[in-house]
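Novice:
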Amino acid sequence: MDKKMKKQWLVNLSLGIMVCVCLLSACGGSKRTQAVMPQGGDTLQMAYARYLTIMKHESFTEVTVHNPWDSTRVLHTYLLVDKHKPVPCVLPQGTVVRVPLERMLVYSGVHCGLFDELEAIKSVGGVCDLPYIRMETIQRRVREGLVADIGNSMSPDIERVIALRPDGILLSPFENGSYGRIEKLGIPLIECADYMENSALGRAEWMRFYGMLIGKGRKADSLFVEVERMYLDLCHMADKAAEKPTVLVELKQGSAWYVPGGRSVTGQMYADAGARYAFEAIAENGSVPLSFETVFARARHAGYWLIKYNQAHDKTYADLERDYRPYTGFDAFRSRKVYGCNTAKVSYYEETPFHPERLLKDLVAVFHPDMLPGYETRYFTPLAE
Numbered sequence: 241m242d243k244k245m246k247k248q249w250l251v252n253l254s255l256g257i258m259v260c261v262c263l264l265s266a267c268g269g270s271k272r273t274q275a276v277m278p279q280g281g282d283t284l285q286m287a288y289a290r291y292l293t294i295m296k297h298e299s300f301t302e303v304t305v306h307n308p309w310d311s312t313r314v315l316h317t318y319l320l321v322d323k324h325k326p327v328p329c330v331l332p333q334g335t336v337v338r339v340p341l342e343r344m345l346v347y348s349g350v351h352c353g354l355f356d357e358l359e360a361i362k363s364v365g366g367v368c369d370l371p372y373i374r375m376e377t378i379q380r381r382v383r384e385g386l387v388a389d390i391g392n393s394m395s396p397d398i399e400r401v402i403a404l405r406p407d408g409i410l411l412s413p414f415e416n417g418s419y420g421r422i423e424k425l426g427i428p429l430i431e432c433a434d435y436m437e438n439s440a441l442g443r444a445e446w447m448r449f450y451g452m453l454i455g456k457g458r459k460a461d462s463l464f465v466e467v468e469r470m471y472l473d474l475c476h477m478a479d480k481a482a483e484k485p486t487v488l489v490e491l492k493q494g495s496a497w498y499v500p501g502g503r504s505v506t507g508q509m510y511a512d513a514g515a516r517y518a519f520e521a522i523a524e525n526g527s528v529p530l531s532f533e534t535v536f537a538r539a540r541h542a543g544y545w546l547i548k549y550n551q552a553h554d555k556t557y558a559d560l561e562r563d564y565r566p567y568t569g570f571d572a573f574r575s576r577k578v579y580g581c582n583t584a585k586v587s588y589y590e591e592t593p594f595h596p597e598r599l600l601k602d603l604v605a606v607f608h609p610d611m612l613p614g615y616e617t618r619y620f621t622p623l624a625e
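The working numbering numbers the first residue of the sequence shown as 241 and each following residue consecutively.
(1) Mind checking which residues open and close the beta strand (DSSP E) that includes A496?
(2) Tell me G408's beta-bridge partners as DSSP assigns them.
(3) Select from P613, E616, E298 and P593 the residue whose C-alpha is nearest the C-alpha of W446.
(4) May I have the straight-line CA-CA distance separating G365 from V337, to the nearest angstrom?
(5) Report the rounded CA-to-CA distance for A537 versus L472, giving the unit in angstroms.
(6) For E590 versus G349, is the C-beta distance shorter than 7 Å?
(7) What residue ranges within the stretch 370–426 form continuous alpha helix (DSSP H) runs of no fewer than 4 residues, ordered along the chain?
(8) Specify the secondary structure class of A266 as computed by DSSP and reduced to three states.
(9) So which of Y517, T534, A513 and I398 has the shortest CA-CA distance to S495?
(10) Have a look at P596 and D512 and give me their C-alpha separation to the nearest angstrom.
(11) Does the Cβ of L263 have 16 or more other Cβ atoms within 10 Å, making it buried, or fewer, making it exposed?
(12) Could you give the distance in angstroms between the alpha-carbon of V367 and the alpha-carbon of L345?
(13) Taking all protein chains shown into account, do 16 or more other C-beta atoms lie within 10 angstroms of the C-beta of I373, making it buried, or fewer, making it exposed?
(14) Can you give me the Cβ contacts of A523 inside the same chain, cut-off strictly under 8 Å, excluding the 5 residues immediately before and after it?
(15) Which value, in whole angstroms, describes the spacing of the CA atoms of T583 and R618?
(16) Report back the beta-carbon spacing between V216 and S527 to the nearest angstrom; my notes put them in contact at under 8 Å.
(17) Considering Cα atoms alone, identify which of I422, L354 and Y450 is closest to I294.
(18) Can you give the beta carbon distance from E302 to T317, rounded, assuming they're within the 8 Å contact cut?
(19) According to the neighbour-count rule (16 or more other Cβ atoms, all chains shown, within 10 Å of its Cβ), is R405 buried or exposed?
(20) Could you give the distance in angstroms between the alpha-carbon of H324 and the alpha-carbon of S462?
(21) Determine the burial state of S531: buried for a count of at least 16 other Cβ atoms within 10 Å of its Cβ, exposed for fewer.
(22) Any idea if W309 is buried or exposed, counting beta-carbon neighbours within 10 angstroms, 16 or more meaning buried?
(23) Tell me the rounded alpha-carbon separation between Y419 and G507.
(24) Could you spell out where the alpha helix (DSSP H) holding G442 opens and where it closes?
(25) I need the boundaries of the alpha helix (DSSP H) containing P596, first residue and last residue.
(26) Could you give the residue range of the beta strand (DSSP E) that holds R338?
(27) If I measure Cβ to Cβ from A478 and keep anything under 6 Å in the same chain, skipping five residues before and after, which residues do I get?
(28) Kindly identify the DSSP beta-bridge partner or partners of P220.
(29) In terms of alpha-carbon separation, which member of L453, N307, T304 and M436 lies closest to I361?
(30) Reducing DSSP to helix, strand and coil, say where K362 ends up.
(31) To the nearest angstrom, report how far apart G457 and G281 are at their CA atoms.
(32) Closest by CA to A444, which one among L429, V465 and I427?
(33) Between which two residues does the beta strand (DSSP E) containing M295 stretch?
(34) According to the Cβ coordinates, are A440 and M509 closer than 7 Å?
(35) Determine which residues share a DSSP beta bridge with S527 and list them.
(36) For A552, count neighbouring C-beta atoms within 10 Å of its own C-beta (all shown protein chains included) and say buried if the count is 16 or more, exposed if not.
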């Protein structure tokens with residue numbers, strides 16, 4: 241065999257070995273991949289979500305979570321592959337997630353509530369921060385030993401995580417953050433950046449991705465269509481309001497009064513409900529600490545005041561005055577237009593992220609009671625004396 245033929249023989253042998261390795265590895269489930277991007281794919285159009293892109297290919301679905309803190313970067317790429325089929329030989333770079341997930345560790349009660357509504361609560365195998373999860377279904381399943389209590393989300397019990405053997409871990413990312421030992425376990429970490437969206441429907445639309453994770457994609461799509469329809473109907477209704485009252489929100493906490501920025505989900509919802517948010521000019525997505533004097537100067541004459549709190553009994557005007565006497569200087573206090581949401585008794589935080597239409601309906605009823613005669617609010621109710 242001359243040198244040229246020998247060289248060609250070696251090339252063919254190498255190619256053959258590569259093909260065999262690829263075929264053998266297709267039966268496995270490596271967590272991260274890096275290969276040539278397959279051609280084609282249908283992009284699933286997201287109407288509102290800014291930080292989520294979904295592209296469906298023949299043998300997998302590529303989900304890109306964009307970095308909310310740096311628009312030039314990708315936070316994470318997931319490659320959803322049917323767990324009953326081999327992993328494709330050629331995949332783009334990303335984390336392979338074998339779906340549907342059947343034994344998830346879920347950090348947030350918000351996402352547990354969505355999985356329950358999508359009839360996939362049995363897919364939740366473990367939770368963090370159990371004392372803060374109001375869902376009786378989860379509490380009961382923990383008592384029955386069907387769901388593991390993994391402890392505090394800031395320092396989960398690694399031994400319990402290992403014992404659970406979850407097929408996916410759903411947690412909320414934060415800027416420049418790391419997840420410690422848990423990201424070294426080789427388990428797909430699903431970074432739930434939905435809370436960083438700056439529109440209510442943008443956050444709710446993430447349910448379409450979460451539905452794919454548990455094999456309930458069509459059900460999640462149908463649910464979102466209904467949420468969107470009801471939300472937009474309420475927006476159109478509120479847009480016809482002759483008057484748009486100014487609204488003040490939240491309470492003083494220690495030395496600071498934290499208010500949502502004008503670009504936050506809640507800040508935008510006040511506009512959708514036909515009101516003027518007292519702090520709409522603050523160009524922030526998150527909460528901003530202000531002094532009492534600043535809040536008083538900007539919102540002293542607000543027509544409505546919405547507060548959220550967590551305590552055994554519903555707060556009253558007398559409680560507010562005892563808490564901080566200067567509260568009595570606001571017009572909304574004097575005209576008895578303060579509405580409270582006691583999160584110890586109602587599932588505000590659990591429900592509203594994926595059902596913003598429920599909160600919007602409350603807001604429209606508060607600001608424009610004539611538009612929804614007979615409607616009993618779900619979250620915010622007038623304070624008693």
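Even for Gly, the Cβ is constructed at its ideal location relative to N, Cα and C.
Specialist: Let me lay it out:
(1) As a position in the sequence shown, residue 496 is number 256, starting the count at 1. A496 -> beta strand (DSSP E) spans A496 to P500.
(2) The residue given as residue 408 occupies position 168 in the sequence shown. G408 pairs with M344.
(3) Position 206 of the sequence shown, counted from the first residue, corresponds to residue 446. With distances taken between Cα atoms, W446 lies closest to P593.
(4) Reading the sequence shown from its first residue, position 125 is the one you call residue 365. Reading the sequence shown from its first residue, position 97 is the one you call residue 337. Taking the straight line joining both Cα atoms gives about 16 Å.
(5) Your numbering for residue 537 matches position 297 in the sequence shown. Your numbering for residue 472 matches position 232 in the sequence shown. Taking the straight line from one Cα to the other gives about 33 Å.
(6) Position 350 of the sequence shown holds residue 590. Position 109 of the sequence shown holds residue 349. Cβ distance < 7 Å, so E590 and G349 count as in contact.
(7) 376–383 and 398–404
(8) For this step, residue 266 is matched to residue 26 along the sequence shown. In this prediction, A266 scores a pLDDT of 40, lower than 50, which makes its location untrustworthy; the coordinate-derived value is nonetheless stated afterwards. The answer is coil: DSSP assigns A266 none of H, G, I, E or B.
(9) Here residue 495 refers to the residue found at position 255 of the sequence shown. Looking at the Cα atoms, T534 is the closest of the given residues.
(10) The residue labelled residue 596 in the question sits at position 356 within the sequence shown. The residue labelled residue 512 in the question sits at position 272 within the sequence shown. Each residue's Cα considered, the two are about 11 Å apart.
(11) The residue given as residue 263 occupies position 23 in the sequence shown. With a pLDDT of only 39 at L263, under 50, the local geometry of the prediction cannot be trusted, and no value is derived from it.
(12) On the sequence shown, position 127 is the one that residue 367 refers to. On the sequence shown, position 105 is the one that residue 345 refers to. V367 and L345: Cα-Cα distance of roughly 6 Å.
(13) Within the sequence shown, the letter at position 133 stands for residue 373. I373 is buried by the Cβ-count criterion.
(14) Translated into the one-based positions of the sequence shown, residue 523 becomes position 283. The answer, listed in chain order, is G501, G502 and R503.
(15) As a first step, residue 583 must be located in the sequence shown, where it is residue number 343. As a first step, residue 618 must be located in the sequence shown, where it is residue number 378. Those two C-alpha atoms are separated by around 11 Å.
(16) No information on residue 216 is available, as it lies outside the stretch 241 to 625 that the chain covers here.
(17) To locate residue 294, count along the sequence shown from 1; it is residue 54. Of the candidates I422, L354 and Y450, the one whose C-alpha sits nearest the C-alpha of I294 is Y450.
(18) As a first step, residue 302 is located in the sequence shown; it is residue number 62 there, counting from the start. As a first step, residue 317 is located in the sequence shown; it is residue number 77 there, counting from the start. At roughly 7 Å, the Cβ-Cβ gap stays under 8 Å, so E302 and T317 are in contact.
(19) Walking along the sequence shown from the start, residue 405 turns up at place 165. With fewer than 16 other Cβ atoms within 10 Å, it is exposed.
(20) The count along the sequence shown starts at 1 and reaches residue 324 at position 84. The count along the sequence shown starts at 1 and reaches residue 462 at position 222. Distance between the alpha carbons of H324 and S462: 25 Å.
(21) As a first step, residue 531 is located in the sequence shown; it is residue number 291 there, counting from the start. Under this definition S531 is an exposed residue.
(22) On the sequence shown, position 69 is the one that residue 309 refers to. Its Cβ having fewer than 16 others within 10 Å, W309 is exposed.
(23) Taking the sequence shown and counting its residues from 1, the one referred to as residue 419 is at position 179. Taking the sequence shown and counting its residues from 1, the one referred to as residue 507 is at position 267. About 30 Å.
(24) Within the sequence shown, residue 442 is the residue found at index 202, counting from 1. A440 to A444 is the extent of the alpha helix (DSSP H) around G442.
(25) Numbered from 1 along the sequence shown, position 356 holds the residue referred to as residue 596. Per DSSP, P596 belongs to the alpha helix (DSSP H) from P596 to F607.
(26) By 1-based counting over the sequence shown, the position of residue 338 is 98. Residues G334 to V339.
(27) Taking the sequence shown and counting its residues from 1, the one referred to as residue 478 is at position 238. Correct list, in chain order: A513, G514 and V604.
(28) The chain is shown only over 241 to 625; residue 220 falls outside these bounds and no answer can be derived.
(29) Translated into the one-based positions of the sequence shown, residue 361 becomes position 121. Taking only the C-alpha atoms, the option nearest I361 is L453.
(30) Translated into the one-based positions of the sequence shown, residue 362 becomes position 122. Three-state DSSP puts K362 in a helix.
(31) Locating residue 457 in the sequence shown gives position 217, where the first residue counts as 1. Locating residue 281 in the sequence shown gives position 41, where the first residue counts as 1. Whole-angstrom Cα-Cα distance: 17 Å.
(32) Locating residue 444 in the sequence shown gives position 204, where the first residue counts as 1. Cα-wise, what sits closest to A444 is V465.
(33) As a first step, residue 295 is located in the sequence shown; it is residue number 55 there, counting from the start. Start and end: L292 to K296.
(34) Along the sequence shown, read from residue 1 onward, the residue named residue 440 stands at position 200. Along the sequence shown, read from residue 1 onward, the residue named residue 509 stands at position 269. Yes.
(35) Your numbering for residue 527 matches position 287 in the sequence shown. Partner(s): P500.
(36) Counting from one through the sequence shown, the residue named residue 552 turns up at place 312. Counting Cβ neighbours within 10 Å, A552 comes out exposed, since fewer than 16 surround it.
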